[in-house]
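Numbering (UniProt numbering), first residue to last: 1 to 278.
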């Protein structure tokens with residue numbers, strides 16, 4: 001049965017330069033269209049359906065993490081993970097789609113598309129995804145990948161993380177705390193035993209996913225409303241989001257998986273989106 005690893009934190013900050021996703025988001029909030037934008041992102045997530053290689057990614061306001069994917073030159077049907085100045089992982093005989101135009105969702109976005117790292121059952125027409133193709137061809141040391149996303153705040157375009165294909169990222173990640181069996185080989189889906197913050201704790205088990213393509217923590221509104229109250233946040237319907245003063249000192253958001261409790265610090269679940277201290 002496939003498993004997902006849960007790792008401890010080890011933070012390494014690097015100062016690099018970066019442009020306007022944050023500005024685009026503020027403009028959408030001011031125009032009252034941010035909720036529609038979130039709905040489009042959600043719909044996209046459902047539609048898209050022996051080496052170790054690290055790929056640097058750029059961080060855009062802790063909201064998107066962007067890496068370079070290259071399609072081979074004519075006559076060379078492969079996908080390459082990594083840029084020209086990086087280590088590269090070439091995956092021969094990879095099926096891919098070719099877009100004839102860029103949709104409105106991507107025109108002002110730092111990304112041109114999304115590379116799925118999940119399973120064949122989610123892929124369009126059930127084609128074999130590039131990473132699984134690489135695993136089947138024994139191109140990787142181990143059939144795993146590691147994701148490290150750095151916290152860069154409101155900066156945009158700076159080095160903000162690392163995707164490691166075929167191995168564990170020992171440089172940026174802490175020790176593996178546990179492996180959790182997946183309950184569905186579609187998304188990386190597993191059982192969460194409980195979730196809480198402050199004095200509130202829901203012991204109702206839920207099927208959840210860990211998804212690098214989703215920028216927010218989401219769940220049933222009955223639960224998220226209670227979590228928001230526990231940390232001092234308020235729901236704003238126009239933005240379909242919870243807001244909290246930037247200078248607030250809320251408790252950790254605690255997620256219980258298997259026999260472990262994983263506290264998420266406020267710096268990792270609060271994102272500054274405006275200039276009015278929220």
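Note that the Cβ used here is the ideal one computed from N, Cα and C, for glycine as well.
The structure displayed is predicted, hence computed values, not measured ones.
Per-residue burial, residue i [other beta carbons within 10 Å of its own, 16 or more giving buried]
i	result
residue 214	exposed
residue 97	exposed
residue 100	exposed
residue 273	buried
residue 207	exposed
residue 179	exposed
residue 156	buried
residue 166	buried
residue 102	exposed
residue 176	exposed
residue 118	buried
residue 248	exposed
residue 216	exposed
residue 143	exposed
For residue i, the residue or residues it bridges with in DSSP
i	result
residue 235	242
residue 264	253
Secondary structure of residue i, DSSP reduced to three states
i	result
residue 248	coil
residue 254	strand
residue 98	coil
residue 201	strand
residue 131	helix
residue 90	strand
residue 220	coil
residue 273	coil
residue 209	strand
residue 123	coil
residue 230	helix
residue 118	coil
residue 104	helix
residue 225	helix
Same chain, Cβ closer than 8 Å to residue i, five either side skipped, listed in chain order
i	result
residue 252	197, 263, 264, 265 and 266
residue 36	none
Residues of its chain near residue i, where Cβ-Cβ distance is below 6 Å and the 5 sequence neighbours each way are ignored
i	result
residue 204	none
residue 250	231, 232 and 266
residue 258	178 and 180
Sequence-distant residues of the same chain with beta carbon closer than 7 Å to residue i, five excluded per side
i	result
residue 236	243
residue 233	242, 243 and 244
residue 268	151
residue 201	194
residue 78	With a pLDDT of only 44 at residue 78, under the threshold of 50, the placement of this residue in the model should not be trusted; the figure read from the coordinates follows. Around residue 78: 72, 90, 91, 92 and 94.
Please give the ranges of any beta strand (DSSP E) in the stretch 135-198, keeping only runs that are unbroken, at least 3 residues long and fully inside the region. DSSP runs (the beta strand (DSSP E)) wholly in the stretch 135-198: 145-149, 156-165, 173-181, 188-192 and 194-197.
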